[in-house]
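Residue numbers (numbering that gives the first Met the number 0), protein chains in the order written: chain A, 0 to 224; chain B, 0 to 236.
Encoded as structure tokens, the structure appears first; notes follow it.
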Amino acid sequence: MGFLGQAWTIAWKDILGELRTREMVFSMLLFGFLVILIFNFGIEPGLRDEALVKPGVLWAAFVFAGILGLNRSFSSEKENDCLQGLLLCPVDRAVIYLGKFLGNFVFVLAMSLAVLLFFSVLYNVDVIAVLPGLLVILGLATVGFSAVGTLFSAVSVGIKTRDVLLAILLFPVLVPVILAAAKSSAFVMNGEGLFAGGSWLAMLVVYDVVFLAVSVMVFDYVLEE
Amino acid sequence: MRVRRLWKYYGHFPALRGLDLELERGRFLTVFGPNGAGKTTLIKVLSTQIKPSEGLVEVGGHDVIGAADRVRSQIGVISHNTYLYPSLTAFENLKFYGRMYGVGDLEERSRELLERVGLRGREDDRVSEYSRGMQQRLSIARALLHEPEIMFLDEPYTGLDQHASRMLRGVLATLHDGRRTIFMVTHNLEEGLEMCDEVAIQVAGRICYREPIDRVDREHFGDTYFECVGGGHKWDS
């Protein structure tokens with residue numbers, strides 16, 4: 000089995016485990032829905048800048064709910080010391096990183112799609128019309144989010160206050176992704192098209208490439224420490 | 000297995016202090032020692048789970064830092080932690096680890112091992128539904144999947160009931176075939192002495208006693224052990 004096959008085996012193991020326990024996805028969904036709902040109470044209908052506020056609400060929900068999921072990513076490996084079992088396997092550390100990244104990508108994307116649907120109903124946004132553009136942004140942002148999130152989740156796994164620490168470590172690094180994703184989503188949701196926010200989109204692509212590469216390179220050191 | 004002047008620091012604390020050790024292929028060495036002697040640290044270094052701070056460590060003829068993947072493909076580890084995913088079934092756990100180790104004919108191999116550890120018929124139950132003893136038996140099957148030449152056992156009897164302990168002894172007896180090297184750390188004198196070829200006592204990060212089993216007076220080994228452990232400070236200098 001090759002590099003990608005082994006990475007997919009790790010991701011599949013995470014997905015299968017989650018399908019059985021539903022611990023991570025349920026808490027992510029609930030939190031995402033709550034954020035959308037609470038913001039809905041605060042934003043009055045007909046607000047002048049409503050079009051500018053909506054993408055921000057959407058991405059706040061994605062990020063907060065996503066971090067909740069990332070917290071579980073490596074902590075689930077702590078049970079029965081499974082992380083050590085994984086590290087004992089004769090595979091490159093990059094395979095382990097990529098496998099965990101793929102699993103997180105699937106969970107965060109699934110949560111984001113469900114939250115997007117809830118958002119469209121509550122905020123009366125016709126997402127079907129702008130879905131292709133939103134999916135591209137969602138996909139790119141989820142890659143960046145999961146790339147950095149997987150790395151920091153591994154950093155914080157052995158620490159008692161990992162829930163707090165992960166959020167503290169992650170937010171500053173995620174600012175470019177959140178900013179670029181919210182800005183590009185605003186262009187798409189306002190009907191200006193995906194490429195109207197071209198520079199923000201480019202920023203997302205560059206962020207994904209840089210942070211995926213850096214994360215793969217430093218993952219071995221993170222695990223060792 | 001060859002260890003020369005091995006030091007391992009946790010922060011400023013030396014868990015292993017210039018430890019020397021050599022073990023020939025096919026031998027079974029049991030290392031005894033009290034809590035905090037560095038037994039688990041030693042097994043973690045030998046099995047590439049942590050890197051040594053100083054010294055040379057070769058397992059199966061390969062350096063544990065420079066050729067860690069080669070070492071990992073030759074070793075199997077049985078610990079008091081089972082390394083099993085509770086939400087997956089026994090069969091899924093074996094399939095997962097088998098794929099990571101690149102085991103051929105995985106289905107057949109998994110069934111054969113499940114039979115061997117007495118879990119045939121329960122392979123589709125989730126590990127979370129298993130008792131501690133059953134989990135440890137499955138953990139033995141996991142460690143043997145890729146037919147390792149070297150076995151590391153870290154307190155393998157911890158938390159096992161009579162049945163599971165007997166099963167583990169049976170498996171160890173079949174593993175000890177003169178071709179496979181076995182390295183066990185334990186603080187249980189009775190079980191540790193049962194099958195080994197050589198005995199060592201580790202105190203304060205060093206091996207302070209080592210003898211072939213035929214030169215060990217089993218009845219009075221307890222006294223030797225407590226003499227070493229009690230006089231541990233002698234070895235600190």
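Beta carbons: idealized from backbone N, C-alpha and C, even for Gly.
Treat the numbers as computed from the prediction; the structure is a model and nothing was measured.
- Contact set between Leu93 of chain B and chain A, taken where Cβ atoms lie within less than 8 Å: None at all; the shortest Cβ gap to chain A is about 12 Å.
- Query: Can you name, in chain order, every residue of its own chain whose Cβ lies under 8 Å from the Cβ of Leu28 of chain A, other than the five neighbours on each side?
  - Reply: Ala64, Met110, Ala113, Val114
- Message: For Tyr224 of chain B, report the span of its alpha helix (DSSP H) as first-last.
- Response: 220 to 229
- Query: Which chain A residues sit within Cβ distance under 8 Å of Tyr100 of chain B?
  - Reply: Below the 8 Å Cβ cutoff, chain A contributes Cys88, Pro89 as neighbours of Tyr100 of chain B, in chain order.
- By DSSP, does Asp80 of chain A sit in helix, in strand, or in coil? helix
- Item | Contacts of Asn79 of chain A in chain B (Cβ-Cβ under 9 Å) | Asn80, Thr81, Tyr82, Leu83, Tyr84, Pro85, Val126, Gln134, Ser138
- Query: Can you name, in chain order, every residue of its own chain whose Cβ lies under 7 Å from the Cβ of Met194 of chain B, other than the five neighbours on each side?
  - Reply: Phe27, Leu171, Ala172, His175
- What's the C-alpha gap between Ile42 of chain B and Leu87 of chain A? 12 Å
- Neighbourhood of Ser138 of chain B by C-beta, 7 Å cutoff - its chain only, sequence neighbours within 5 removed: Closer than 7 Å at Cβ, skipping near neighbours: Ile77, Thr81, Tyr82, Leu83.
- C-beta atoms of Phe151 of chain A and Val94 of chain A nearer than 7 Å: no
- Item | Touching by the beta-carbon criterion (3+ pairs, under 8 Å), the stretch 135 to 147 of chain A and the stretch 100 to 107 of chain A | yes
- Message: For Tyr156 of chain B, which residues in the same chain have their Cβ closer than 8 Å to its Cβ, ignoring the five residues on either side in sequence?
- Response: Ser164, Leu167, Thr185, Asn187, Glu190
- For Thr8 of chain A, go through chain B and note every residue whose CB falls closer than 7 Å to its CB, in chain order. Phe95, Arg98, Met99
- Can you tell me which of B:Gly37, B:Phe90, B:Leu20 puts its alpha carbon nearest to the alpha carbon of Glu57 of chain B? When the alpha-carbon of Glu57 of chain B is set against those of B:Gly37, B:Phe90, B:Leu20, the nearest one is in B:Leu20.
- Hey, how far is the Cα of Pro85 of chain B from the Cα of Tyr224 of chain B? 38 Å
- Message: Per the DSSP calculation, Gln201 of chain B is bridged to which residue(s)?
- Response: B:Ile206
- Quick one: what does DSSP say Gly179 of chain B is sitting in, helix, strand or coil? First, the residue type needs correcting, since residue 179 of chain B is Arg and not Gly in the sequence shown. Arg179 of chain B falls in the coil class under three-state DSSP.
- Item | CB-CB length for Ala195 of chain A against Phe186 of chain A, believed under 8 Å | About 4 Å; that satisfies the 8 Å criterion.
- Is the distance from the Cβ of Arg92 of chain A to the Cβ of Phe218 of chain A below 7 Å? yes
- Message: For chain B, check one thing: does any of its Cβ atoms lie closer than 7 Å to the Cβ of Arg21 of chain A?
- Response: Not one chain B Cβ lies under 7 Å of Arg21 of chain A.
- Message: Let me make sure I understand the geometry here. Which of B:Asp153, B:His79, B:Leu87, B:Gly10 has the alpha-carbon closest to that of Trp11 of chain A?
- Response: B:Leu87
- Message: Once the 5 residues before and after His79 of chain B are set aside, which same chain residues still bring their CB inside 6 Å of it?
- Response: So the list reads Glu154, Thr157, once near-sequence residues are dropped.
- Which residue's Cα is closest to the Cα of Gly59 of chain B: B:Gln48, B:Val2, B:Arg205? B:Val2
- The alpha helix (DSSP H) enclosing Glu91 of chain B, as first and last residue numbers: 89 to 100
- Task: Establish whether the CB of Met0 of chain A and some CB of chain B are separated by less than 7 Å.
- Result: Among the residues facing chain B, Met0 of chain A is included, as its CB has a counterpart in that chain under 7 Å away.
- Use the C-beta contact count for Asp13 of chain A: other C-beta atoms within 10 angstroms, 16 or more gives buried, fewer gives exposed. buried
- Option in B:Asp68, B:Trp6, B:Glu23, B:Thr29 with minimal Cα separation from Thr40 of chain B: B:Trp6
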